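Asker:
Numbering (this note's numbering), first residue to last: 6 to 314.
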């Protein structure tokens, strides 16, 4: 790196993205990072790095965003030395045992946590505002990690969480854990038991799904990605409207003479249904406008990397 030869240049660099998948010198990596004292964003993807002292004595006083796949046990000293980090993105970083090594580090300054659900459920604290919880292969579903979070996280407004196709009570569990949530994204992942993907999902029971949504009384946006079909004919506006309306309003019972009131705060619902490993399916976005709910975006057969926000 040029900054290692001319230190003056390093002062002007605020972002570093490192991805190394071939043999390299950990000493060279250390020198390269240390030569950039004004970094605010650091991405470090080095799956073969196992030198526990590779990040030792590095000080980046302005670091705010840190993303890495390093084992969590290797991050203890680095995270302790950087209380400026507000956005921590842990890519896997597998470790043996149920307890995350980082639970011993004071991370009260971190507002956004992203990583394995088993770890994030141990690291989240009352100051957290956004969580991204990814299911590990050996995790049966999202309910257990949600139950292990120690408090209600009063400032949390956004949650992205992986679920299984048989997570029937996922909305109830999310609502119990984070009743003040405003933005929720559910991402369906294949079951670790490799059971056939059933078409039946929790949201097929529209009355129960609607009731669970109402428990999230501040919810504004709901996103859902699933490999299951939402409607029989993809992208059919009337069929999609019927499903989305049932979620928002609840299923009308024969014994009731009044139509249930819609969810009080929800204004955006997005569903990527029929999604496979390599994309495909259909993306539909619905928004509450002045005249009611209308579809604003429809994408047929999107690629795997299509931005779903």
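For each residue, glycine too, the CB sits at the ideal point set by N, CA and C. Quick caveat: nothing in here was measured; it's all calculated off a predicted structure.
What beta strand (DSSP E) runs, 3 residues minimum, are completely inside the stretch 179–254?
Answerer: Taking only runs of at least 3 residues, the beta strand (DSSP E) segments lying wholly in the stretch 179–254 are 188–193, 226–230.
Asker: Please state if the CB of residue 231 and the CB of residue 278 are separated by a distance shorter than 9 angstroms.
Answerer: yes
Asker: Would you identify the three-state DSSP class for residue 25, choosing helix, strand or coil?
Answerer: coil
Asker: Would you call residue 172 buried or exposed, if buried means 16 or more other Cβ atoms sit within 10 Å of its Cβ?
Answerer: buried
Asker: Do the stretch 217–225 and the stretch 144–160 touch if we need at least three Cβ pairs shorter than 8 angstroms?
Answerer: no
Asker: Taking DSSP as the reference, what is the three-state secondary structure of residue 67?
Answerer: coil
Asker: Only counting runs of 3 or more residues, tell me where the beta strand (DSSP E) segments fall wholly within the stretch 37–66, in order along the chain.
Answerer: 46–50
Asker: What's the C-alpha gap between residue 124 and residue 295?
Answerer: 42 angstroms
Asker: What residue range does the beta strand (DSSP E) around residue 95 cover?
Answerer: Going by DSSP, residue 95 is part of the beta strand (DSSP E) stretching over 92–95.
Asker: Tell me whether the beta-carbon of residue 74 lies closer than 9 angstroms to the beta-carbon of residue 97.
Answerer: Going by C-beta atoms, residue 74 is nearer than 9 angstroms to residue 97.
Asker: Within this structure, are the beta carbons of residue 193 and residue 209 separated by less than 9 angstroms?
Answerer: no
Asker: State yes or no: is the C-beta of residue 118 within less than 9 angstroms of the C-beta of residue 103?
Answerer: no
Asker: For the stretch 94–152, which segments carrying the beta strand (DSSP E) assignment without a break, of at least 3 residues, lie completely within its bounds, in sequence order?
Answerer: 117–121, 135–139
Asker: Quick check: the Cα distance between residue 77 and residue 310, rounded to an integer number of angstroms?
Answerer: 27 angstroms
Asker: Distance, Cα to Cα, residue 3 vs residue 61?
Answerer: Not covered by the structure: residue 3. The range shown for the chain is 6 to 314.
Asker: Smallest Cα separation from residue 146: which of 153, 189, 167, 45?
Answerer: 167
Asker: Helix, strand or coil: how does DSSP classify residue 165 here?
Answerer: strand
Asker: Give every residue of the same chain whose Cβ lies closer than 8 angstroms to the Cβ of residue 260, excluding the five residues on either side of it in the sequence, and list them in chain order.
Answerer: Caution is warranted here: a pLDDT of 48 is assigned to residue 260, below 50, making its placement in the model unreliable, and no coordinate value can be reported.
Asker: Do residue 151 and residue 185 have their C-beta atoms within less than 9 angstroms of each other?
Answerer: Not in contact: residue 151 and residue 185 (Cβ atoms no closer than 9 angstroms).
Asker: Following the continuous beta strand (DSSP E) through residue 294, name the residue where it begins and the one where it ends.
Answerer: From DSSP, the beta strand (DSSP E) with residue 294 extends over 287–294.
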